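Numbering (the numbering used here), first residue to last: 4 to 487. Think of the CB as a built atom: it goes at the ideal place given N, C-alpha and C, for glycine as much as any other residue. For clarity, every value in this text was computed on a predicted model and none was experimentally measured.
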Ligand SMILES: *Cc1c(COP(=O)(O)O)cnc(C)c1O
């Protein structure tokens, strides 16, 4: 059926304007001559001529086709989709930060350098590390950087045999991928009956070729590995190091510091735990923290404080070098700084307490309706399974699709891989009881439907503009342009 209101592209009227530009800051006369001739447009672009109001509605309506954290609940396990206070956005847009050119002389960038310096110190304090670099721009990038540092450390000691990275089977996929990226051999370590690292398997696989063990604690099952002391002892005794994947630190802020539990290197995702919106490939920040014996290998430049104020120091001969242009994604770091300052030590602690409380509340109320493989207190997230619903032909994917009818984003599905029909739920600390209850009621209703009327779940979503997408086809043959 043809829509009653024509699409914006079909509403064009010659001479109708939808923009007003500020006056040019410099004369435009003759500017075409200054540009490379092959880059000068020969014809005007074929844009629809519509009013400003039409343009605004076009983009607002497009944005409503997507789910986002400002629209509704987004319990995407491992990803920490929490509400990001808007004040942090304002701060990162302050002209003194936003308009600062990365090549200005250091004396004109003292505020920015001080912010970097202080944020590094805060993150060192939070993670229990001695030195931090903010240069890496994603979690995976932090892993890459951290592993490079670990390799440089072993090499500097003449220890060339260490070519193995141990990774538990519950690990985030980026862990083995990053290890492969730095040319290391990945060896998987099994989980035990409690969902923690199997000490027996770890012992069997730890030898003098191990460069490091990469670990997330709490792990991707949302379970805190209480054997972390023994794990650290086993790896350290063999001369290996411990890498902490702190992409999601929402359960540990002010509670436990990776550095105090035996870890030598940490990365944090500021775009998860520290209040930068993420998803869709937006800018991130994955700072890397290290214990003092690894500090000489951190990326350069480092921000240092001296008599003259703050400066960028390149004089670290053992450094792994630069891993990103300039100083990483500075605007993300501003948001994290503002967030930490706003909350303070007590506020950060409350973040983790509330995140853990919210997750346990949902887990307790859903565990009779869905299979829960590891029935113990969880941390900031937990993993349910649709194993029981599968008997009626209802898969995790169907439940995820049905949640869309309730205006809810589904949890992470089919991850971690060690749980069949996994649904990994992370409510975060920013949701109130009413939202949690609404999600719980929706999940309970879907469980009933799977029993009594599976067709409604299998046919979902019913309320979205398009029902099930051909996701592979959409990725392989995207249609991104309006065609008349
Ligand atoms: C998100 C995540 C990563 C990867 O972070 P990116 O910024 O997406 O590269 C790594 N490990 C864990 C546990 C994560 O949740």
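Residue i: CB within 6 angstroms of a non-hydrogen atom of ligand 1
i: residue 61; result: no
i: residue 104; result: no
i: residue 81; result: yes
i: residue 197; result: no
i: residue 148; result: no
i: residue 17; result: no
i: residue 318; result: no
i: residue 285; result: no
i: residue 101; result: no
i: residue 141; result: yes
i: residue 219; result: yes
i: residue 254; result: no
i: residue 70; result: no
i: residue 270; result: no
i: residue 177; result: yes
i: residue 250; result: yes
Start-to-end residues for the alpha helix (DSSP H) that takes in residue i
i: residue 281; result: Element bounds for residue 281: n/a, residue is neither H nor E.
i: residue 179; result: 177-184
i: residue 436; result: 436-455
i: residue 345; result: 333-369
i: residue 399; result: 399-407
i: residue 99; result: 98-101
i: residue 89; result: 89-95
i: residue 148; result: 142-159
i: residue 36; result: 34-37
i: residue 67; result: 55-67
i: residue 242; result: Unbroken run through residue 242: none, as it is neither H nor E.
i: residue 478; result: 474-479
Close beta carbons around residue i, own chain, < 8 angstroms, minus the five adjacent residues each side
i: residue 396; result: 457 and 461
i: residue 362; result: 225, 381, 382, 383, 384, 385, 428, 429 and 430
According to DSSP, residues forming a beta bridge with residue i
i: residue 134; result: 293
i: residue 312; result: 309
i: residue 171; result: 192
i: residue 248; result: 270
i: residue 233; result: Its beta-bridge partners do not exist; DSSP assigns none.
i: residue 427; result: 386 and 415
i: residue 200; result: 194
i: residue 374; result: 388
i: residue 79; result: 428
With 16 other Cβ atoms within 10 Å as the buried cut-off, status of residue i
i: residue 426; result: buried
i: residue 302; result: buried
i: residue 339; result: buried
i: residue 493; result: The question about residue 493 has no answer, for the chain in this structure spans 4 to 487.
i: residue 144; result: buried
i: residue 34; result: exposed
i: residue 465; result: exposed
i: residue 228; result: buried
i: residue 269; result: buried
i: residue 482; result: exposed
i: residue 20; result: exposed
i: residue 434; result: buried
i: residue 329; result: exposed
i: residue 59; result: exposed
i: residue 55; result: exposed
i: residue 236; result: exposed
i: residue 46; result: exposed
Same chain, Cβ closer than 6 angstroms to residue i, neighbours up to 5 away in sequence not counted
i: residue 342; result: 91, 277 and 278
i: residue 12; result: 51 and 485
i: residue 372; result: 447 and 450
i: residue 312; result: 113
i: residue 197; result: none
i: residue 438; result: 76
i: residue 244; result: 153, 215 and 267
i: residue 85; result: 431 and 433
Start-to-end residues for the beta strand (DSSP E) that takes in residue i
i: residue 269; result: 268-271
i: residue 213; result: 213-218
i: residue 386; result: 385-388
Own chain, CB closer than 7 angstroms to residue i, minus 5 neighbours either side, in chain order
i: residue 275; result: 82, 83, 250, 251 and 281
i: residue 212; result: 164, 165, 166 and 167
i: residue 204; result: 192 and 193
i: residue 61; result: 11
i: residue 332; result: 140, 286, 287 and 288
i: residue 241; result: 209, 210, 211 and 213
Closer than 7 angstroms to chain C by CB, residue i
i: residue 62; result: Looking at the structure shown, chain C is missing, and only one protein chain is on hand.
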